[in-house]
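My numbering puts the first residue of the sequence shown at 1, with every later residue one more than the last.
Below is one structure; the comments refer to it alone.
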Amino acid sequence: MTEPLVPSVLALDIGKKRIGVAGCDRLGLFANGLMTIDRKSLPQVIDELQRLVDEREVTLLVIGMPYLMDGTVGAQAKNTRKTGKTIAKALALPIVWVDERLTSFAAEELLKAEHISPSRNKGAIDRKAAAIILQQWLDDRRLT
Numbered sequence: 001m002t003e004p005l006v007p008s009v010l011a012l013d014i015g016k017k018r019i020g021v022a023g024c025d026r027l028g029l030f031a032n033g034l035m036t037i038d039r040k041s042l043p044q045v046i047d048e049l050q051r052l053v054d055e056r057e058v059t060l061l062v063i064g065m066p067y068l069m070d071g072t073v074g075a076q077a078k079n080t081r082k083t084g085k086t087i088a089k090a091l092a093l094p095i096v097w098v099d100e101r102l103t104s105f106a107a108e109e110l111l112k113a114e115h116i117s118p119s120r121n122k123g124a125i126d127r128k129a130a131a132i133i134l135q136q137w138l139d140d141r142r143l144t
């Protein structure tokens with residue numbers, strides 16, 4: 001019996017300066033950091049993501065929502081929601097929001113374990129955070 005294929009998914013860790021992007025294998029088992037987009041403008045971000053969407057035949061965006069530690073929506077979460085909705089609309093893709101509290105911290109810890117300096121590799125943190133967000137979504141999806 002073969003495993004069912006999952007839709008091609010991209011996960012985004014949206015920040016003011018950079019956007020971490022992750023994807024998964026077709027079985028939906030493992031998330032991988034794909035790239036970090038340096039934000040110069042929203043149209044530039046959308047163009048870069050559109051190429052990935054076309055290449056990977058993406059059908060869904062999983063976007064990390066940076067809630068405050070008490071679970072409320074702060075300024076960063078509002079900005080992420082607005083940017084995420086704009087990106088999703090431009091790419092004509094649905095969104096699933098995932099709580100991303102502490103993913104950047106977890107990504108930094110993973111880099112340290114690999115003997116990579118987080119302070120010198122901000123883009124790597126963003127890619128790993130996006131992969132953590134996507135892996136969380138994949139794992140939750142399998143459990144339900």
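Idealized CB from N, CA, C, for every residue including glycine.
Owing to the predicted nature of the structure, the values given are computational and were not obtained by experimental measurement.
Rounded C-beta distance between Ala-146 and Asp-13? I'm assuming under 8 Å.
Residue 146 lies beyond the range of the chain shown here (1 to 144); nothing can be said about it.
Taking C-alpha atoms, which residue in Asp-70, Gly-74, Gly-64 and Gln-136 lies nearest to Lys-85?
Answer by Cα proximity: Gly-64.
My parser needs the alpha helix (DSSP H) runs of 4 or more residues fully inside the region 52-130; what are they?
Complete alpha helix (DSSP H) runs here, min 4: 75-91 and 103-113.
Provide the residue(s) that pair with Asp-38 in DSSP beta bridges, ordered along the chain.
Answer is Arg-18.
Using a threshold of 8 Å, state whether the C-beta atoms of Ile-87 and Val-45 are closer than that.
When the beta-carbon positions are compared, Ile-87 and Val-45 come within less than 8 Å of each other.
Candidates Ser-8, Val-9 and Arg-39, of which the one nearest Asp-126 by Cα
Nearest option by C-alpha distance: Arg-39.
Thr-36 and Gly-20 closer than 8 Å at C-beta
It is a contact, given that the beta carbons lie within the stated cut-off.
Which one of Arg-141, Ala-90, Tyr-67 and Ile-132 has the shortest CA to CA distance from Asn-79?
Checked all of Arg-141, Ala-90, Tyr-67 and Ile-132; the closest Cα to Asn-79 is Tyr-67.
Leu-10 in three-state terms, based on DSSP:
When secondary structure is reduced to three states using DSSP, Leu-10 falls in the strand class.
Contacts around Leu-52, its chain only, beta-carbon distance under 8 Å, and the 5 residues preceding and following it disregarded:
Here Leu-52 has Leu-10, Val-21, Gly-23, Leu-34, Met-35 and Val-58 as same chain residues with Cβ atoms under 8 Å from its own Cβ, once five neighbours each way along the sequence are excluded.
Taking C-alpha atoms, which residue in Asp-70, Ser-8 and Pro-43 lies nearest to Leu-29?
Checking every option, the nearest Cα to that of Leu-29 belongs to Ser-8.
Could you tell me the alpha carbon to alpha carbon distance between Asp-140 and Leu-42, rounded to whole angstroms?
Cα-Cα distance, rounded: 30 Å.
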